[in-house]
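Just so we're aligned, residue 1 is where the sequence shown starts under UniProt numbering, counting upward by one.
Here a beta-carbon is modelled for each residue, glycine too, at the ideal position from N, C-alpha and C.
Quick caveat: nothing in here was measured; it's all calculated off a predicted structure.
Below is one structure; the comments refer to it alone.
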Amino acid sequence: MKKFTLSHTGDSDSSRSVHSLHGSNEVHPETELPRITVLTVLFPNFGKKTCLKVIGDAVLLDIKRKLLKAFGSLLSDGQNMGLFLPGDGGKMGKFMEEERLLSEYACEKPEMLLEFVYKRRMVPPVSVTSPLVEKFSKDLTKAFLRYVTRGDYKKVEKILSKGFDPNFQCPKTGETPLTIAVTRSKPYNMISTLIAGGAHRDYYSKCGMTPLHKAAAARNFEAVKSLLDFGQSPNCRDRSALTPLYVNILYDPDKRICHRLLYEHSELGVANREGLQEIHQAARLNRVEQINLLVMYGADVNSRCVRPSPSVSSEAAGNPIIPTSTSGDTPLHVAASAGQREAVLRLLSWGADPTLVNLANQTAVQLAQACGHAELAETIRLFRGDAQNGAYGR
1 MKKFTLSHTG DSDSSRSVHS LHGSNEVHPE TELPRITVLT VLFPNFGKKT CLKVIGDAVL
61 LDIKRKLLKA FGSLLSDGQN MGLFLPGDGG KMGKFMEEER LLSEYACEKP EMLLEFVYKR
121 RMVPPVSVTS PLVEKFSKDL TKAFLRYVTR GDYKKVEKIL SKGFDPNFQC PKTGETPLTI
181 AVTRSKPYNM ISTLIAGGAH RDYYSKCGMT PLHKAAAARN FEAVKSLLDF GQSPNCRDRS
241 ALTPLYVNIL YDPDKRICHR LLYEHSELGV ANREGLQEIH QAARLNRVEQ INLLVMYGAD
301 VNSRCVRPSP SVSSEAAGNP IIPTSTSGDT PLHVAASAGQ REAVLRLLSW GADPTLVNLA
361 NQTAVQLAQA CGHAELAETI RLFRGDAQNG AYGR
(Lines of atoms letter the chains of each structure in order from A and count residues from 1; the text may use other names and numbers.)
(Lines give C-alpha, C1' and ligand atoms only; values in the text may rest on other atoms or scores of the structure.)
Protein backbone atom coordinates (compact mmCIF):
# COMPACT_ATOMS: atom_id res chain seq x y z
CA MET A 1 0.00 0.00 0.00
CA LYS A 2 1.55 3.27 -1.11
CA LYS A 3 1.52 6.25 1.22
CA PHE A 4 1.81 9.93 0.38
CA THR A 5 2.07 13.14 2.34
CA LEU A 6 0.37 16.13 0.76
CA SER A 7 1.03 19.47 2.38
CA HIS A 8 -1.11 22.49 1.55
CA THR A 9 -1.12 25.31 4.10
CA GLY A 10 -2.10 28.93 3.66
CA ASP A 11 0.57 30.64 5.75
CA SER A 12 3.98 29.47 6.88
CA ASP A 13 4.47 29.45 10.65
CA SER A 14 8.20 29.88 10.07
CA SER A 15 7.56 33.43 8.89
CA ARG A 16 5.80 34.39 12.11
CA SER A 17 7.30 35.25 15.48
CA VAL A 18 6.78 32.54 18.08
CA HIS A 19 5.97 33.94 21.51
CA SER A 20 7.49 32.30 24.54
CA LEU A 21 5.03 30.41 26.72
CA HIS A 22 7.33 30.54 29.75
CA GLY A 23 5.37 31.67 32.79
CA SER A 24 2.07 31.76 30.94
CA ASN A 25 -0.68 29.24 30.31
CA GLU A 26 -2.00 31.17 27.31
CA VAL A 27 -1.81 29.21 24.05
CA HIS A 28 -1.12 31.45 21.08
CA PRO A 29 -2.57 30.65 17.64
CA GLU A 30 0.96 30.60 16.23
CA THR A 31 1.77 27.43 18.17
CA GLU A 32 -1.19 25.40 16.91
CA LEU A 33 -0.22 22.48 14.73
CA PRO A 34 -1.88 22.15 11.31
CA ARG A 35 -4.76 19.70 11.03
CA ILE A 36 -3.84 16.28 9.65
CA THR A 37 -6.40 14.30 7.67
CA VAL A 38 -5.71 10.68 6.77
CA LEU A 39 -7.43 9.53 3.58
CA THR A 40 -7.95 5.87 2.79
CA VAL A 41 -8.69 5.68 -0.93
CA LEU A 42 -10.17 2.52 -2.44
CA PHE A 43 -9.92 1.53 -6.11
CA PRO A 44 -12.93 -0.80 -6.57
CA ASN A 45 -12.26 -1.24 -10.28
CA PHE A 46 -9.00 -3.15 -9.71
CA GLY A 47 -9.02 -4.06 -6.01
CA LYS A 48 -6.35 -1.71 -4.65
CA LYS A 49 -6.19 0.93 -1.96
CA THR A 50 -3.79 3.61 -0.80
CA CYS A 51 -3.38 5.99 2.10
CA LEU A 52 -2.67 9.73 1.91
CA LYS A 53 -1.84 12.05 4.77
CA VAL A 54 -2.99 15.63 4.11
CA ILE A 55 -1.32 18.25 6.27
CA GLY A 56 -3.37 21.41 6.61
CA ASP A 57 -5.69 21.54 3.61
CA ALA A 58 -5.57 20.61 -0.06
CA VAL A 59 -7.45 21.24 -3.27
CA LEU A 60 -9.11 17.98 -4.31
CA LEU A 61 -7.69 18.30 -7.82
CA ASP A 62 -4.18 18.11 -6.33
CA ILE A 63 -5.12 14.90 -4.52
CA LYS A 64 -6.52 13.48 -7.76
CA ARG A 65 -3.29 14.34 -9.58
CA LYS A 66 -1.24 12.51 -6.95
CA LEU A 67 -3.41 9.43 -7.38
CA LEU A 68 -3.14 9.59 -11.16
CA LYS A 69 0.62 9.96 -10.96
CA ALA A 70 0.85 6.82 -8.83
CA PHE A 71 -1.79 4.68 -10.54
CA GLY A 72 -2.30 6.29 -13.95
CA SER A 73 -0.79 3.33 -15.80
CA LEU A 74 -3.67 1.17 -14.54
CA LEU A 75 -6.38 3.52 -15.82
CA SER A 76 -7.74 3.86 -19.35
CA ASP A 77 -9.34 7.30 -18.83
CA GLY A 78 -7.82 8.80 -15.70
CA GLN A 79 -9.05 12.34 -16.30
CA ASN A 80 -12.65 11.12 -15.87
CA MET A 81 -11.94 9.43 -12.54
CA GLY A 82 -13.42 11.12 -9.50
CA LEU A 83 -13.13 11.05 -5.71
CA PHE A 84 -16.35 9.52 -4.44
CA LEU A 85 -17.56 10.08 -0.88
CA PRO A 86 -19.67 7.03 0.11
CA GLY A 87 -23.05 7.58 1.73
CA ASP A 88 -23.26 7.62 5.51
CA GLY A 89 -26.17 7.67 7.96
CA GLY A 90 -28.81 7.44 5.28
CA LYS A 91 -27.18 10.14 3.16
CA MET A 92 -26.53 9.48 -0.50
CA GLY A 93 -22.93 9.19 -1.65
CA LYS A 94 -21.55 11.83 -4.02
CA PHE A 95 -18.61 12.77 -6.18
CA MET A 96 -16.52 15.53 -4.65
CA GLU A 97 -16.01 18.68 -6.73
CA GLU A 98 -12.36 18.89 -7.73
CA GLU A 99 -11.95 22.66 -7.40
CA ARG A 100 -13.04 22.65 -3.76
CA LEU A 101 -10.93 22.14 -0.63
CA LEU A 102 -10.82 18.89 1.28
CA SER A 103 -11.84 20.74 4.45
CA GLU A 104 -15.22 21.52 2.89
CA TYR A 105 -16.02 17.79 2.99
CA ALA A 106 -13.92 16.58 5.93
CA CYS A 107 -15.72 18.66 8.59
CA GLU A 108 -12.80 18.31 11.04
CA LYS A 109 -12.76 14.51 10.68
CA PRO A 110 -9.24 13.09 11.22
CA GLU A 111 -9.91 10.17 8.86
CA MET A 112 -11.94 9.74 5.68
CA LEU A 113 -12.75 6.78 3.46
CA LEU A 114 -13.03 7.62 -0.26
CA GLU A 115 -13.33 5.71 -3.52
CA PHE A 116 -11.51 6.62 -6.73
CA VAL A 117 -13.84 5.54 -9.52
CA TYR A 118 -15.00 6.55 -12.99
CA LYS A 119 -17.59 9.31 -12.90
CA ARG A 120 -21.03 7.88 -13.50
CA ARG A 121 -24.64 8.91 -13.23
CA MET A 122 -25.85 9.45 -9.66
CA VAL A 123 -29.45 10.51 -10.43
CA PRO A 124 -31.37 8.42 -9.54
CA PRO A 125 -29.06 6.54 -7.12
CA VAL A 126 -27.11 3.85 -8.91
CA SER A 127 -23.96 1.86 -8.20
CA VAL A 128 -20.99 3.90 -9.39
CA THR A 129 -19.01 0.75 -10.10
CA SER A 130 -21.54 -0.73 -12.56
CA PRO A 131 -21.85 1.50 -15.65
CA LEU A 132 -25.43 1.39 -16.88
CA VAL A 133 -24.37 2.32 -20.39
CA GLU A 134 -23.17 -1.25 -20.95
CA LYS A 135 -26.78 -2.47 -20.65
CA PHE A 136 -27.92 -0.42 -23.61
CA SER A 137 -27.34 -1.25 -27.23
CA LYS A 138 -24.94 0.63 -29.45
CA ASP A 139 -27.92 1.73 -31.50
CA LEU A 140 -29.46 3.49 -28.50
CA THR A 141 -26.17 5.24 -27.76
CA LYS A 142 -25.98 6.44 -31.37
CA ALA A 143 -29.61 7.58 -31.22
CA PHE A 144 -28.92 9.45 -27.98
CA LEU A 145 -25.99 11.34 -29.53
CA ARG A 146 -28.05 12.07 -32.62
CA TYR A 147 -30.84 13.61 -30.52
CA VAL A 148 -28.31 15.70 -28.59
CA THR A 149 -26.76 16.95 -31.84
CA ARG A 150 -30.20 17.88 -33.19
CA GLY A 151 -31.22 19.59 -29.98
CA ASP A 152 -34.19 17.27 -29.40
CA TYR A 153 -34.14 17.49 -25.61
CA LYS A 154 -37.55 15.82 -25.22
CA LYS A 155 -36.27 12.55 -26.71
CA VAL A 156 -33.05 12.89 -24.73
CA GLU A 157 -35.10 13.32 -21.56
CA LYS A 158 -37.14 10.21 -22.40
CA ILE A 159 -34.02 8.06 -22.77
CA LEU A 160 -32.52 9.48 -19.57
CA SER A 161 -35.71 8.64 -17.67
CA LYS A 162 -34.92 4.95 -18.30
CA GLY A 163 -31.63 5.23 -16.40
CA PHE A 164 -29.30 5.88 -19.34
CA ASP A 165 -25.91 7.26 -18.27
CA PRO A 166 -24.95 10.41 -20.25
CA ASN A 167 -21.32 10.28 -19.06
CA PHE A 168 -19.48 8.74 -21.99
CA GLN A 169 -17.38 9.68 -25.01
CA CYS A 170 -18.47 9.15 -28.59
CA PRO A 171 -16.34 6.29 -29.99
CA LYS A 172 -15.79 8.19 -33.25
CA THR A 173 -15.37 11.84 -32.25
CA GLY A 174 -14.40 11.56 -28.58
CA GLU A 175 -17.00 14.19 -27.68
CA THR A 176 -19.38 13.81 -24.74
CA PRO A 177 -23.11 14.64 -24.85
CA LEU A 178 -22.43 17.86 -22.91
CA THR A 179 -19.51 18.98 -25.09
CA ILE A 180 -21.79 18.47 -28.10
CA ALA A 181 -24.66 20.35 -26.47
CA VAL A 182 -22.58 23.44 -25.66
CA THR A 183 -21.74 24.03 -29.33
CA ARG A 184 -25.40 24.48 -30.30
CA SER A 185 -27.25 27.77 -30.56
CA LYS A 186 -29.83 28.10 -27.76
CA PRO A 187 -28.24 25.29 -25.74
CA TYR A 188 -29.94 25.88 -22.38
CA ASN A 189 -32.69 23.25 -22.61
CA MET A 190 -30.28 20.51 -23.68
CA ILE A 191 -27.69 21.42 -21.04
CA SER A 192 -30.40 21.50 -18.37
CA THR A 193 -31.80 18.13 -19.48
CA LEU A 194 -28.40 16.42 -19.48
CA ILE A 195 -27.34 17.76 -16.08
CA ALA A 196 -30.73 16.85 -14.56
CA GLY A 197 -30.22 13.37 -16.01
CA GLY A 198 -26.89 12.87 -14.26
CA ALA A 199 -24.30 14.34 -16.64
CA HIS A 200 -21.23 15.55 -14.76
CA ARG A 201 -20.46 19.19 -15.54
CA ASP A 202 -16.71 18.48 -15.64
CA TYR A 203 -16.72 15.23 -17.66
CA TYR A 204 -13.84 15.38 -20.16
CA SER A 205 -13.94 14.74 -23.88
CA LYS A 206 -11.20 12.58 -25.39
CA CYS A 207 -9.15 15.67 -26.32
CA GLY A 208 -9.15 16.73 -22.67
CA MET A 209 -11.71 19.54 -22.62
CA THR A 210 -14.56 19.99 -20.15
CA PRO A 211 -17.91 21.31 -21.44
CA LEU A 212 -17.01 24.78 -20.14
CA HIS A 213 -13.70 24.76 -22.05
CA LYS A 214 -15.55 23.64 -25.17
CA ALA A 215 -18.18 26.36 -24.80
CA ALA A 216 -15.51 29.01 -24.22
CA ALA A 217 -13.57 27.88 -27.29
CA ALA A 218 -16.77 27.76 -29.37
CA ARG A 219 -17.57 31.38 -28.38
CA ASN A 220 -20.97 30.27 -27.09
CA PHE A 221 -21.86 32.81 -24.41
CA GLU A 222 -25.24 31.25 -23.58
CA ALA A 223 -23.63 27.85 -23.03
CA VAL A 224 -20.94 29.37 -20.79
CA LYS A 225 -23.57 31.25 -18.79
CA SER A 226 -25.74 28.13 -18.44
CA LEU A 227 -22.88 25.96 -17.16
CA LEU A 228 -21.81 28.63 -14.66
CA ASP A 229 -25.42 29.04 -13.50
CA PHE A 230 -25.59 25.28 -12.92
CA GLY A 231 -22.59 25.52 -10.61
CA GLN A 232 -19.61 24.70 -12.80
CA SER A 233 -16.43 26.28 -11.47
CA PRO A 234 -14.72 28.75 -13.83
CA ASN A 235 -11.40 27.33 -12.60
CA CYS A 236 -11.75 23.78 -13.92
CA ARG A 237 -8.66 22.70 -15.86
CA ASP A 238 -8.30 20.98 -19.20
CA ARG A 239 -5.71 18.30 -19.94
CA SER A 240 -3.07 21.02 -20.29
CA ALA A 241 -4.02 22.55 -16.91
CA LEU A 242 -5.47 25.63 -18.64
CA THR A 243 -8.66 27.38 -17.54
CA PRO A 244 -11.71 28.18 -19.72
CA LEU A 245 -10.66 31.85 -19.56
CA TYR A 246 -7.27 31.02 -21.06
CA VAL A 247 -8.86 28.96 -23.84
CA ASN A 248 -11.41 31.69 -24.58
CA ILE A 249 -8.70 34.30 -25.06
CA LEU A 250 -7.01 32.02 -27.60
CA TYR A 251 -10.14 31.57 -29.70
CA ASP A 252 -12.53 34.48 -29.13
CA PRO A 253 -11.92 38.14 -30.06
CA ASP A 254 -15.19 39.15 -28.36
CA LYS A 255 -15.05 40.16 -24.69
CA ARG A 256 -18.39 38.86 -23.33
CA ILE A 257 -17.27 35.40 -22.27
CA CYS A 258 -13.97 36.73 -20.97
CA HIS A 259 -15.84 39.28 -18.86
CA ARG A 260 -18.29 36.71 -17.48
CA LEU A 261 -15.52 34.30 -16.49
CA LEU A 262 -13.57 37.07 -14.78
CA TYR A 263 -16.74 38.20 -13.00
CA GLU A 264 -17.12 34.63 -11.70
CA HIS A 265 -13.60 34.86 -10.18
CA SER A 266 -11.62 32.98 -12.80
CA GLU A 267 -8.05 32.51 -11.70
CA LEU A 268 -5.42 34.76 -13.27
CA GLY A 269 -1.75 34.04 -13.91
CA VAL A 270 -2.26 30.56 -15.40
CA ALA A 271 0.54 29.71 -17.84
CA ASN A 272 0.89 27.25 -20.71
CA ARG A 273 3.98 25.13 -21.33
CA GLU A 274 5.71 28.14 -22.91
CA GLY A 275 5.14 30.18 -19.75
CA LEU A 276 2.67 32.54 -21.43
CA GLN A 277 -0.11 33.81 -19.18
CA GLU A 278 -3.55 35.09 -20.23
CA ILE A 279 -2.35 38.67 -20.66
CA HIS A 280 0.61 37.53 -22.78
CA GLN A 281 -1.78 35.70 -25.12
CA ALA A 282 -4.14 38.68 -25.30
CA ALA A 283 -1.16 40.85 -26.25
CA ARG A 284 0.10 38.36 -28.83
CA LEU A 285 -3.33 38.14 -30.48
CA ASN A 286 -4.06 41.88 -30.26
CA ARG A 287 -7.10 41.33 -28.00
CA VAL A 288 -7.30 44.92 -26.80
CA GLU A 289 -10.66 44.60 -25.00
CA GLN A 290 -9.47 41.48 -23.19
CA ILE A 291 -6.32 43.31 -22.12
CA ASN A 292 -8.52 46.00 -20.56
CA LEU A 293 -10.59 43.42 -18.67
CA LEU A 294 -7.61 41.40 -17.50
CA VAL A 295 -5.85 44.45 -16.08
CA MET A 296 -9.05 45.74 -14.44
CA TYR A 297 -9.54 42.37 -12.74
CA GLY A 298 -5.99 42.30 -11.41
CA ALA A 299 -3.63 40.96 -14.07
CA ASP A 300 -0.09 42.34 -13.84
CA VAL A 301 0.67 44.41 -16.93
CA ASN A 302 4.38 43.71 -16.38
CA SER A 303 4.04 39.99 -15.58
CA ARG A 304 6.97 37.86 -16.68
CA CYS A 305 6.87 34.80 -18.87
CA VAL A 306 8.05 32.00 -16.59
CA ARG A 307 7.97 28.41 -17.73
CA PRO A 308 5.82 26.24 -15.42
CA SER A 309 6.99 23.04 -13.78
CA PRO A 310 7.54 19.98 -16.00
CA SER A 311 4.44 18.35 -14.44
CA VAL A 312 2.21 20.47 -16.66
CA SER A 313 1.31 18.42 -19.71
CA SER A 314 1.53 19.44 -23.33
CA GLU A 315 -1.05 21.55 -25.11
CA ALA A 316 -4.51 20.11 -25.60
CA ALA A 317 -5.32 18.92 -29.07
CA GLY A 318 -6.77 21.68 -31.16
CA ASN A 319 -5.08 24.63 -29.42
CA PRO A 320 -3.18 27.02 -31.69
CA ILE A 321 0.55 26.37 -31.91
CA ILE A 322 2.38 28.95 -29.79
CA PRO A 323 5.91 30.00 -30.80
CA THR A 324 8.56 29.46 -28.16
CA SER A 325 8.90 32.58 -26.03
CA THR A 326 11.90 33.96 -24.19
CA SER A 327 11.82 33.63 -20.42
CA GLY A 328 11.26 36.97 -18.76
CA ASP A 329 9.14 38.38 -21.59
CA THR A 330 6.48 40.85 -20.48
CA PRO A 331 3.18 41.29 -22.36
CA LEU A 332 4.81 44.32 -24.01
CA HIS A 333 7.66 42.14 -25.28
CA VAL A 334 5.15 39.65 -26.70
CA ALA A 335 3.04 42.32 -28.41
CA ALA A 336 6.14 44.04 -29.80
CA SER A 337 7.59 40.84 -31.24
CA ALA A 338 4.23 40.04 -32.88
CA GLY A 339 3.93 43.54 -34.35
CA GLN A 340 0.63 44.24 -32.58
CA ARG A 341 0.47 48.04 -32.50
CA GLU A 342 -2.94 48.37 -30.79
CA ALA A 343 -1.97 45.97 -28.04
CA VAL A 344 1.36 47.76 -27.54
CA LEU A 345 -0.34 51.14 -27.13
CA ARG A 346 -2.96 49.75 -24.76
CA LEU A 347 -0.35 48.06 -22.59
CA LEU A 348 1.69 51.26 -22.46
CA SER A 349 -1.41 53.24 -21.50
CA TRP A 350 -1.98 50.79 -18.62
CA GLY A 351 1.55 51.42 -17.36
CA ALA A 352 3.62 48.72 -19.05
CA ASP A 353 7.31 49.45 -18.44
CA PRO A 354 9.27 49.63 -21.73
CA THR A 355 12.61 49.62 -19.88
CA LEU A 356 12.24 46.05 -18.61
CA VAL A 357 14.49 43.44 -20.20
CA ASN A 358 13.93 39.71 -20.66
CA LEU A 359 16.52 37.03 -19.90
CA ALA A 360 18.07 37.69 -23.32
CA ASN A 361 18.69 41.24 -22.05
CA GLN A 362 16.32 42.76 -24.63
CA THR A 363 13.83 45.56 -24.09
CA ALA A 364 10.55 45.60 -26.00
CA VAL A 365 12.07 48.18 -28.37
CA GLN A 366 15.04 45.96 -29.16
CA LEU A 367 12.81 42.91 -29.62
CA ALA A 368 10.53 44.80 -32.01
CA GLN A 369 13.56 45.88 -34.04
CA ALA A 370 14.93 42.33 -34.11
CA CYS A 371 11.56 41.08 -35.42
CA GLY A 372 11.47 43.66 -38.22
CA HIS A 373 8.97 46.08 -36.65
CA ALA A 374 11.08 49.25 -36.77
CA GLU A 375 8.12 51.64 -36.84
CA LEU A 376 6.55 49.96 -33.82
CA ALA A 377 9.88 50.09 -31.99
CA GLU A 378 9.98 53.84 -32.59
CA THR A 379 6.40 54.16 -31.32
CA ILE A 380 7.36 52.48 -28.06
CA ARG A 381 10.50 54.57 -27.72
CA LEU A 382 8.66 57.84 -28.24
CA PHE A 383 5.63 56.98 -26.09
CA ARG A 384 4.81 59.80 -23.68
CA GLY A 385 6.96 62.12 -25.78
CA ASP A 386 10.35 60.78 -24.63
CA ALA A 387 12.90 61.18 -27.43
CA GLN A 388 15.79 59.72 -25.43
CA ASN A 389 17.20 56.40 -26.58
CA GLY A 390 19.11 55.14 -23.58
CA ALA A 391 16.52 53.61 -21.27
CA TYR A 392 14.50 51.92 -24.01
CA GLY A 393 17.31 50.51 -26.11
CA ARG A 394 18.29 51.50 -29.62
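Which residues bound the alpha helix (DSSP H) around residue i?
{"i": "C207", "result": "Note, C207: premise wrong, no alpha helix (DSSP H); not H, not E."}
{"i": "V182", "result": "Unbroken run through V182: none, as it is neither H nor E."}
{"i": "K142", "result": "138-150"}
{"i": "V344", "result": "341-349"}
{"i": "K172", "result": "Unbroken run through K172: none, as it is neither H nor E."}
{"i": "C258", "result": "256-263"}
{"i": "M92", "result": "From DSSP, M92 is part of no alpha helix (DSSP H); its letter is neither H nor E."}
{"i": "R65", "result": "60-71"}
{"i": "residue 395", "result": "No answer is possible for residue 395: the residues shown for the chain start at 1 and end at 394."}
{"i": "N302", "result": "Unbroken run through N302: none, as it is neither H nor E."}
{"i": "H200", "result": "Note, H200: premise wrong, no alpha helix (DSSP H); not H, not E."}
{"i": "N292", "result": "288-296"}
Just tell me which of the options has its CA closest to the CA of residue i.
{"i": "R330", "options": "D152, G269, P124, V117", "result": "Position check: residue 330 holds Thr in this sequence, whereas Arg was assumed. The shortest Cα separation from T330 among D152, G269, P124, V117 belongs to G269."}
{"i": "A217", "options": "I195, L42, L242", "result": "L242"}
{"i": "E220", "options": "F383, I180, V38, L67", "result": "The sequence as given places Asn at residue 220; Glu does not occur at that position. Among F383, I180, V38, L67, the Cα nearest to that of N220 is on I180."}
{"i": "G328", "options": "S349, A338, L294, L276", "result": "L276"}
{"i": "L228", "options": "M209, G208, S266, G151", "result": "S266"}
{"i": "L293", "options": "A271, G78, E157, L261", "result": "L261"}
{"i": "G198", "options": "K206, T176, P187", "result": "T176"}
{"i": "W350", "options": "Q366, L332, M92, L356", "result": "L332"}
{"i": "R346", "options": "L285, C305, L194, Q362", "result": "L285"}
{"i": "N167", "options": "G151, M122, S161", "result": "M122"}
{"i": "A338", "options": "L356, N361, Q366", "result": "Q366"}
{"i": "L356", "options": "K64, K94, C305, R120", "result": "C305"}
{"i": "R206", "options": "Q232, L178, N189", "result": "According to the sequence provided, residue 206 is Lys. The question's Arg does not apply to it. The option with the nearest alpha carbon to K206 is L178."}
{"i": "residue 406", "options": "L42, D165, Y204", "result": "A question about residue 406 goes unanswered here, because the residues of the chain that appear run from 1 up to 394."}
{"i": "I279", "options": "K94, Y246, E264, R273", "result": "Y246"}
Tell me, to the nearest whole angstrom, how far the beta carbon of residue i is from that of residue j; I am working on the premise that it is less than 8 Å.
{"i": "L376", "j": "A368", "result": "5 Å"}
{"i": "A336", "j": "A374", "result": "Contact flag wrong, Cβ pair sits at about 11 Å."}
{"i": "S226", "j": "I257", "result": "Contact doesn't hold; Cβ gap of about 12 Å is too wide."}
{"i": "V59", "j": "L101", "result": "6 Å"}
{"i": "P211", "j": "R201", "result": "6 Å"}
{"i": "D238", "j": "H213", "result": "5 Å"}
{"i": "F71", "j": "F43", "result": "7 Å"}
Determine whether the Cβ of residue i lies closer than 9 Å to any Cβ atom of chain C.
{"i": "L242", "result": "This model lacks chain C altogether, as it is built from one protein chain only."}
How would you write the range of the beta strand (DSSP E) that residue i sits in, first residue to last?
{"i": "V117", "result": "111-118"}
{"i": "M81", "result": "81-85"}
{"i": "K162", "result": "Counting along the chain, K162 falls outside any beta strand (DSSP E), and DSSP gives it neither H nor E."}
{"i": "G371", "result": "Rather than Gly, the amino acid found at residue 371 in this sequence is Cys. Neither: C371 is in no beta strand (DSSP E) and is coded neither H nor E."}
{"i": "L39", "result": "36-43"}
{"i": "T50", "result": "48-56"}
Count the other CB atoms within 10 Å of the CB of residue i; is the residue buried (16 or more) or exposed (fewer)?
{"i": "Y147", "result": "buried"}
{"i": "P124", "result": "exposed"}
{"i": "P171", "result": "exposed"}
{"i": "G82", "result": "buried"}
{"i": "A370", "result": "exposed"}
{"i": "S73", "result": "exposed"}
{"i": "F84", "result": "buried"}
{"i": "M296", "result": "exposed"}
{"i": "A196", "result": "exposed"}
{"i": "T193", "result": "buried"}
{"i": "D165", "result": "buried"}
{"i": "C236", "result": "buried"}
{"i": "R384", "result": "exposed"}
{"i": "L33", "result": "exposed"}
Validate contact between the stretch 36-48 and the stretch 106-119 using beta carbons, cut 8 Å, 3 pairs: Verdict: yes, contact present.
Measuring CB atoms only, is the stretch 247-266 touching the stretch 113-123, in the sense that at least three cross pairs come out at less than 8 Å? No, because fewer than three Cβ pairs between the stretch 247-266 and the stretch 113-123 fall closer than 8 Å, the two stretches do not touch.
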